[in-house]
Amino acid sequence: MRPLPSGTLTLLFSDIEGSTSMLKRLGAHWGDALSAQRAILRAAFTGQEGYEMGTEGDNFFVVFSSAHRAVRAAVEAQRRLHEHVWPGEIAVKVRMGLHTGEPQRHEDGYIGIDVHRAARIAATASGGQIVVSDATRALIEGAQTADVDLRDLGWHRLKDLAELEHLHDVVAPDLPDEFPPLRSLGTRANLPAYGAALVGRSAEVAAVVEAIERDGTRLVTLTGPGGTGKTRLAVAVAGDIEIPLDIYFVSLHTADRSALMWAAIAEAVGAPADVERLPDERALRALGDRPTLLILDNVEQIADADHVVSRLLNEARQVRALMTSRRPLHLVDEQEWPVTPLGVPKRGQVDVAAAREAGAVSLFVLRARMVRPGFDLTQDNVADVIAVCRRLDGLPLAIELAAARVRLLSPRALLSRIDNRLGEGVTATDRAERQRTLGATIAWSYELLDEDDQRILRQLGVFSKAADLAAVEFVAGSDGRDALDAVAHLVDVSLVQVVEAADGEPLVSMLETIRWFARDRLRASGEYDDMRLRHAQWCDQRAREIGELLDGCR
Ligand SMILES: Nc1ncnc2c1ncn2[C@@H]1O[C@H](COP(=O)(O)OP(=O)(O)OP(=O)(O)O)[C@@H](O)[C@H]1O
Ligand SMILES: [Mg+2]
8 MRPLPSGTLT LLFSDIEGST SMLKRLGAHW GDALSAQRAI LRAAFTGQEG YEMGTEGDNF
68 FVVFSSAHRA VRAAVEAQRR LHEHVWPGEI AVKVRMGLHT GEPQRHEDGY IGIDVHRAAR
128 IAATASGGQI VVSDATRALI EGAQTADVDL RDLGWHRLKD LAELEHLHDV VAPDLPDEFP
188 PLRSLGTRAN LPAYGAALVG RSAEVAAVVE AIERDGTRLV TLTGPGGTGK TRLAVAVAGD
248 IEIPLDIYFV SLHTADRSAL MWAAIAEAVG APADVERLPD ERALRALGDR PTLLILDNVE
308 QIADADHVVS RLLNEARQVR ALMTSRRPLH LVDEQEWPVT PLGVPKRGQV DVAAAREAGA
368 VSLFVLRARM VRPGFDLTQD NVADVIAVCR RLDGLPLAIE LAAARVRLLS PRALLSRIDN
428 RLGEGVTATD RAERQRTLGA TIAWSYELLD EDDQRILRQL GVFSKAADLA AVEFVAGSDG
488 RDALDAVAHL VDVSLVQVVE AADGEPLVSM LETIRWFARD RLRASGEYDD MRLRHAQWCD
548 QRAREIGELL DGCR
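Residue numbers for the sequence shown follow this note's numbering, so the first one is 8 and each next one is one higher.
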């Protein structure tokens, strides 16, 4: 017997899909089928130096010291199973899952969370499918076995595992590559990630989760002015949902009519490309009767959004929608949820401990610490911080922009500048006034930038979504200041964010309110047409490069 390996190992679990019903259908032939699948799998696994740990009924647990070999073994096994002539032409289909980790050796086997994880991953697969964890993917990608490809299946929740798993499946020639959705507790594809913690809102998150999970509400709309935290709240709700639901984030800020809304939904839910079908059909087909929560973000500018939503809810009976909108849509069966700004301490209240309890103040402190790590509330600055939060109506986005300036300005200096900019006066009481406060705060933050940074911010307004660094450099880079250096500055003052694309590359992104502001300034500066032209040239250049790559494949 070879001694069992230890250290980083790839664990493979497999079992036959629907074995009980096969047993009934095959009757006396079941034993033959079982033996044939065992022989096929065993040959493939030992051919790649796998260590067979246990074979119960129709299950295998095999350990490999190389991730490459493990994947090769799985593909080989699936090929042989696929080619085999099965009794009664009832094909045996085996699901497989692979995960790489460091299980502990115990008696004559292995134990530990990685063993459970691998077993859970295998259980999500359909017959004939090989699902791999991200840890295994990282080891085999790049130097893959020649003809094997991996397909991203998004993030999934698995039973008894607290963290989400990023899963992939193996695509290989001669093997089926269309499978039903993974049998997980739901996917969490493409939810935006935030760099800073959520402040307050625990009651709101719990109430919306409760409405969706227990009351069975199928349509909730979070409404409120720009920058009040609707998207942030929707994402927090998605993170707290515990019932099995696939959750998809659909960004709609560039959509202005129903056809584009359908296209965005189809893309978000991963509907297969199909030129024969319209986006609405593709989206509805992909949703089918899967229990799903769609987060439809920024629906306010889509005039016929109500048609899309009612068709969605009628034709995909297991879909629920959580929307964000700056205006109420007044749909039938819609539960509207106004998102109010964060709490500000009562007038006259200057107690440090009590002030910390207020959402607006704690957001201010959190964001100020990101630019000045030692910053804290003190008896000396608490009144000014409260006054700033009150002046900004507790609007999270405005507070973020102001707090980002604490690197250079004390809360008192900040307050006097904000007062100058917004005009001293009463705090906003309605939506339109809040919008004005926010607009004035963005303008104020912009005017504090030096000229080159102002120019780059304006020019970034030409993009309609997150752009990669090469695009930013091409479109906004010029003789003056280095565009990327300016972007770093804009990130520091919270006007711009850097997010990660699916492939890990950085993308430069902005909140919509700021994008609209930048675009307005771009128009006012007379540079708009030039920038549109640069942007079009960039798209043209990219299209040519992609065209050449495609030619190279022919
Ligand atoms: N409770 C919170 N805790 C921490 N940060 C928050 C909170 N609420 C909002 N923010 C931050 O404030 C900014 C604005 O929030 P968000 O984008 O959710 O606003 P919105 O209401 O969706 O605006 P819009 O109408 O423009 O889409 C974001 O940077 C967000 O991360
Ligand atoms: Mg939003």
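All C-beta atoms, glycine included, are put in the ideal place defined by N, C-alpha and C.
Query: Nearest neighbour of R9, chosen from A362, E56, T15 [CA to CA]; Result: E56
Query: Nearest-angstrom Cα separation, counted from L464 out to A435; Result: Residue placement at A435 is flagged as unreliable, the pLDDT there being 49, under the threshold of 50; a coordinate-derived value is accordingly withheld.
Query: Lining residues of ligand 2 - beta-carbon closer than 6 Å to any non-hydrogen atom, in sequence order; Result: K237, T238, D304, N305, T331
Query: Between the CA atoms of T27 and P180 - distance to the nearest angstrom; Result: 30 Å
Query: Near ligand 1: P403 beta-carbon under 6 Å from a heavy atom; Result: yes
Query: Chain-order list of residues whose beta-carbon lies under 7 Å from that of M294 (same chain, five-residue window excluded); Result: Per the sequence shown, residue 294 should be read as Leu rather than Met. If we look at L294 and ignore the five residues flanking it on each side, its Cβ neighbours are V276, A323, V326.
Query: Sufficient close CB pairs (3 or more, under 8 Å) joining the region 99-110 to the region 8-25; Result: yes
Query: For R112, the three-state DSSP class (helix, strand or coil); Result: strand
Query: T520: first and last residue of the uninterrupted alpha helix (DSSP H) it sits in; Result: 519-531
Query: Segment contact flag, the region 114-123 with the region 42-51, C-beta cutoff 8 Å, min 3 pairs; Result: no
Query: Cβ pair Y255, A310 closer than 7 Å; Result: no
Query: Whole-angstrom distance between L529 and S133, CA atom to CA atom; Result: 52 Å
Query: Complete runs of the alpha helix (DSSP H) confined to the region 389-429 [at least 4 residues]; Result: 389-398, 403-410, 418-429
Query: Every unbroken alpha helix (DSSP H) inside the region 327-374 [4 residues or more]; Result: 359-364
Query: Span separating the alpha-carbon of E307 from that of D247; Result: 25 Å
Query: For D536 and A543, the rounded distance between their alpha carbons; Result: 10 Å
Query: Helix, strand or coil at A435 according to DSSP, with G and I counted as helix; Result: Caution is warranted here: a pLDDT of 49 is assigned to A435, below 50, making its placement in the model unreliable, and no coordinate value can be reported.
Query: Limits of the unbroken alpha helix (DSSP H) element including T224; Result: Run containing T224: none; DSSP gives neither H nor E here.
Query: Heavy atom of ligand 4 within 6 Å of L429 beta-carbon; Result: With respect to ligand 4, the structure offers nothing, as its ligand set consists of ligand 1 and ligand 2.
Query: Extent of the continuous alpha helix (DSSP H) to which S26 belongs; Result: 26-33
Query: Beta bridge counterpart(s) of Y255 as assigned by DSSP; Result: A196, L301
Query: Rounded separation between V433 and L456 - CA only; Result: The pLDDT assigned to V433 is 45, lower than 50, so where the model puts this residue is not dependable; a value taken from the coordinates is nonetheless given after this. Roughly 27 Å between the two C-alpha positions.
Query: Sub-7 Å separation of A367 and I406 beta-carbons; Result: yes
Query: Segment limits, beta strand (DSSP E) that includes E562; Result: Absent from the model: residue 562. The displayed extent of the chain is 8 to 561, so no value can be given.
Query: Rounded straight-line distance, which links the Cα of G54 to that of W269; Result: 48 Å
Query: A468 Cβ short of 6 Å to ligand 1 heavy atom set; Result: Correcting the residue type first, residue 468 is Gly in the shown sequence and not Ala. False, no ligand heavy atom lies under 6 Å from that Cβ.
Query: Anticipated Cβ contact below 8 Å, A271 with A262, distance rounded; Result: 6 Å
Query: Three-state secondary structure (DSSP) of V99; Result: coil
Query: Distance cut-off 6 Å: R398 Cβ against heavy atoms of ligand 1; Result: no
Query: Pairwise C-alpha distance: L320 and D222; Result: 16 Å
Query: Outcome for G104 when other beta-carbon atoms lying within 10 angstroms are tallied against a minimum of 16; Result: buried
Query: CB of H173 within 7 Å of CB of S191, strictly; Result: no
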